[in-house]
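Structure first, commentary second.
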Amino acid sequence: MWLTGRLAPDHKTIADFRKDNGPAIQAACAQFVVLCREIGLFGSALVAIDGSKFKAVNTRDRNFTANKLRKRLEQVADHVVGYLRDLDTADRQEGEAAEARSGRLKEKIERLREQMRMLEAMEVRVAASPDGQVSVTDPDARSMATSGRGSGIVGYNVQSAVEAEHHLIVAHDVVMTGSDREQLAAMAAQAKDAMGVETLDALADRGYFSGEEILACEAMGVTSYVPKPLTSGAKANGRFGKQDFVYLPDQDVYRCPSGALLPRRMTTIEKGMTLHRYWDRASCQACALKALCTPSVERRVTRWEHEAVIDALQRRMDLTPDAMRLRRRLVEHPFGTIKAWMGSTHFQMKRLPNVKTEISLHVLAYNLKRVIAILGAKRLIAAIQN
Ligand code: SF4
């Protein structure tokens with residue numbers, strides 16, 4: 001209102017402005033973060049990174065996967081069988097009413113067959129899609145699981161990095177994958193850049209845990225704090241987990257729970273990662289704890305060539321037990337506020353570039369309101385004018 005001198009453009013003008021000025025809106029959002037940096041609002045080089053799923057303009061019914069299509073085709077086929085049975089019954093009867101009924105049933109069957117043809121055509125599109133799904137209303141929207149059990153949305157995964165001093169959003173992005181596993185380094189790099197710091201501490205939840213991402217962070221001066229997911233099948237089955245094995249770097253061996261030393265015996269490459277395997281069959285054969293350790297001939301321990309990075313992360317996590325509480329305190333408020341502003345439908349625009357503009361506008365508004373609350377409108381206007 002201040003910027004436009006209390007002009008009151010109608011909603012169409014505003015929508016067109018937003019549609020036609022995507023890059024400028026995103027640049028304004030980034031420029032405001034630069035302004036915040038210049039006026040000294042980023043006290044410490046610490047950010048919390050998080051992702052949240054935002055709904056797209058695409059209902060779940062308009063998103064197709066092979067699984068959903070199979071179930072729907074089965075349902076439609078069942079209905080056709082039911083109607084055909086009814087049609088047989090109607091055909092056996094005589095009179096006008098039976099004839100009318102038979103006509104109605106034929107129409108219904110034809111409509112279902114039409115639906116089947118549509119679903120079969122969709123099956124071909126889904127099979128050709130790189131990630132096995134098609135969204136009809138917004139082709140870039142993706143079906144994603146959310147934290148609620150059994151729930152999911154069709155939408156986008158919005159990433160953000162929030163700084164610790166004034167809880168401003170210093171970096172954000174929108175991605176089309178539900179998983180956060182490959183987002184840590186990219187978000188940390190963006191945050192580091194925006195804050196203009198040489199080194200940065202980044203907190204994230206276990207969904208971001210990835211050895212390669214943590215290594216990439218390390219390489220660019222970002223110290224990450226990410227809890228390790230508890231995925232050990234052995235531990236879940238009541239046997240020793242990998243954390244019960246101690247790596248001795250001087251000897252390049254693992255010391256197992258019974259005190260035996262397991263030397264490195266083999267190296268493999270899996271998904272581009274070099275993995276070393278350690279074991280000692282003779283020790284396992286003679287071990288009194290074997291039942292608590294492995295059902296196999298011997299227990300093998302796998303170590304990634306850069307696992308020292310993960311060991312260092314684990315030590316950091318042990319020394320900073322409050323890191324995850326701080327992370328939650330930083331990230332939950334911005335997403336909650338922005339979602340409340342958006343209402344129950346979240347995004348109004350379609351396609352990834354437009355959705356990126358839309359979220360930039362919200363992030364800009366969020367940061368503006370925060371800075372007005374911190375400095376007051378007059379000081380902020382003065383800072384913009386300088
Ligand atoms: S089974 Fe093997 S690896 Fe496991 S505790 Fe015994 S000696 Fe160690």
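Quick note, the sequence shown lines up with residues 1 to 386 if you use my numbering. Heads up, the beta-carbon is just placed ideally off N, CA and C, and yes, glycines get one too.
Handout entry: For Leu289: DSSP bridge partner residues
Key = None, per the DSSP bridge assignment.
Practice task
Starting from the C-beta of Leu352, find all residues in its chain whose C-beta is less than 6 Å away, skip the five residues before and the five after it, and write them out in chain order.
Solution key: The residues are Asp140.
Problem - Range of the contiguous beta strand (DSSP E) that encloses Trp304 - result: Trp304: member of the beta strand (DSSP E) spanning 301–304, first to last residue.
Practice task
Work out the CA separation of Ala30 and Val371 for me, nearest whole Å.
Solution key: Between the alpha carbons of Val371 and Ala30 lies a distance of about 15 Å.
Exercise for the section: Write down every uninterrupted run of the beta strand (DSSP E) in the stretch 75–139 whose length is 3 residues or greater and which is fully enclosed by it, in chain order. Expected result: Segments of the beta strand (DSSP E) lying fully in the stretch 75–139: 133–135.
Exercise for the section: Starting from the Cα of Thr65, find the closest Cα among Ile381, Ser135, Pro229 and give me that residue. Expected result: Of the candidates Ile381, Ser135, Pro229, Ser135 places its Cα closest to the Cα of Thr65.
Problem - Gly155 (DSSP reduced to helix, strand or coil) - result: Gly155 falls in the strand class under three-state DSSP.
Handout entry: CB of Val337 within 8 Å of CB of Gly22, strictly
Key = Contrary to the premise, residue 337 reads as Thr rather than Val in this sequence. No, the Cβ-Cβ distance between Thr337 and Gly22 is not below 8 Å.
Practice task
Counting only the same chain and skipping the five closest in sequence on each side, list residues whose C-beta sits under 6 Å from that of Glu123.
Solution key: Cβ neighbours of Glu123 beyond the five flanking positions: Leu69.
Exercise for the section: Determine the contact status of Ala191 and Ala161, defining contact as a CB-CB distance below 8 Å. Expected result: Yes; because the gap between Cβ atoms is below 8 Å, this pair is in contact.
Handout entry: Per-residue DSSP class, three states only, for Met324
Key = Helix.
Exercise for the section: Put Glu307 into one of helix, strand or coil per three-state DSSP. Expected result: Of the three classes helix, strand and coil, the one that applies to Glu307 here is helix, per DSSP.
Exercise for the section: Can you tell me which of Arg315, Ser143, Pro130, Ser129 puts its alpha carbon nearest to the alpha carbon of Val226? Expected result: Residue Arg315 holds the alpha-carbon nearest to the alpha-carbon of Val226 among Arg315, Ser143, Pro130, Ser129.
Problem - Where Leu168 falls: helix, strand or coil (DSSP) - result: If DSSP states are grouped into helix, strand and coil, Leu168 belongs with coil.
Exercise for the section: Compute the Euclidean distance between the alpha carbons of Arg329 and Val76, then round it to the nearest angstrom. Expected result: Going from the Cα of Arg329 to the Cα of Val76 covers about 48 Å.
Practice task
Just tell me which of Asp252, Val246, Asn63, Glu307 has its CA closest to the CA of Ile214.
Solution key: From the listed residues Asp252, Val246, Asn63, Glu307, the smallest Cα separation to Ile214 is found for Glu307.
Problem - Within 8 Å, strictly: CB atoms of Tyr387 and Arg303 - result: Here the chain covers residues 1 to 386 and nothing more, so residue 387 does not appear.
Practice task
Flag this pair as touching only if the stretch 159–176 and the stretch 83–95 have three or more C-beta atom pairs under 8 Å; answer yes or no.
Solution key: Judged by pairs of C-beta atoms under 8 Å, the stretch 159–176 does not touch the stretch 83–95, as fewer than three such pairs exist.
Practice task
Excluding the 5 residues preceding and the 5 following Lys12 in the sequence, name in chain order all residues of the same chain whose CB lies nearer than 6 Å to its CB.
Solution key: Taken in chain order, the list of residues that qualify is empty.
Exercise for the section: Return yes when at least one heavy atom of the ligand SF4 lies under 7 Å from the C-beta of Ser283, else no. Expected result: Residue side-chain check: Ser283 places its Cβ nearer than 7 Å to a non-hydrogen atom of the ligand SF4.
Exercise for the section: Work out the CA separation of Val81 and Lys106 for me, nearest whole Å. Expected result: Going by the C-alpha atoms only, they are around 12 Å apart.
Problem - Cα-Cα separation, Glu198 to Ile169 - result: Taken atom to atom, the span from the alpha-carbon of Glu198 to that of Ile169 is near 19 Å.
Handout entry: Gly211 - DSSP class collapsed to helix/strand/coil
Key = In this structure, Gly211 counts as helix in the three-state DSSP scheme.
Practice task
Just list the beta strand (DSSP E) runs in the stretch 355–380, keeping only unbroken ones of 3 residues or longer that don't cross its boundaries, in chain order.
Solution key: Annotation note: the stretch 355–380 contains no uninterrupted beta strand (DSSP E) run of length 3 or greater.
Practice task
Give the secondary structure of Lys242 by DSSP, where H, G and I count as helix, E and B as strand, and everything else as coil.
Solution key: Three-state DSSP puts Lys242 in a helix.
Exercise for the section: Check whether the stretch 197–212 touches the stretch 34–46, counting contact only when three or more Cβ pairs, one atom from each stretch, lie closer than 8 Å. Expected result: With a cut-off of 8 Å, the stretch 34–46 and the stretch 197–212 count as touching, because enough Cβ pairs lie within range.
Practice task
Measure the beta-carbon distance from Leu73 to Met116 and round it to whole angstroms, keeping in mind my assumption that it falls under 8 Å.
Solution key: Contact annotation, Leu73 with Met116: C-beta distance approximately 7 Å; criterion of less than 8 Å satisfied.
Handout entry: Candidates Arg265, Arg142, Gly211: closest to Val301 by CA position
Key = Looking at the Cα atoms, Arg265 is the closest of the given residues.
Exercise for the section: May I have the straight-line CA-CA distance separating Ala383 from Leu35, to the nearest angstrom? Expected result: Distance between the alpha carbons of Ala383 and Leu35: 8 Å.
Practice task
Starting from the C-beta of Met317, find all residues in its chain whose C-beta is less than 7 Å away, skip the five residues before and the five after it, and write them out in chain order.
Solution key: Excluding sequence neighbours, Met317 sits near Tyr225, Pro227, Ala323.
Exercise for the section: Compute the Euclidean distance between the alpha carbons of Ala8 and Gln348, then round it to the nearest angstrom. Expected result: Rounded to whole angstroms, the gap between the alpha carbons of Ala8 and Gln348 is 21 Å.
Problem - Of the listed residues Gly51, Gly272, Ser52, Ser210, nearest to Pro229 (C-alpha basis) - result: Shortest Cα-Cα distance from Pro229 to any of Gly51, Gly272, Ser52, Ser210 involves Ser210.
Exercise for the section: Return yes when the C-beta of Ser296 is under 7 Å from any heavy atom of the ligand SF4, and no when it is not. Expected result: Answer for Ser296: no, Cβ out of range of the ligand SF4.
Practice task
Drop a sphere of 10 angstroms on the beta-carbon of Met1, count the other beta-carbons inside from all chains shown, and report buried for 16 or more, exposed for fewer.
Solution key: Label assigned to Met1: exposed.
Problem - Rounded C-alpha distance that separates Arg104 from Val126 - result: The alpha-carbon of Arg104 is positioned some 33 Å away from that of Val126.
Practice task
Compute the Euclidean distance between the alpha carbons of Thr267 and His276, then round it to the nearest angstrom.
Solution key: Answer to the nearest angstrom: the Cα atoms are 4 Å apart.
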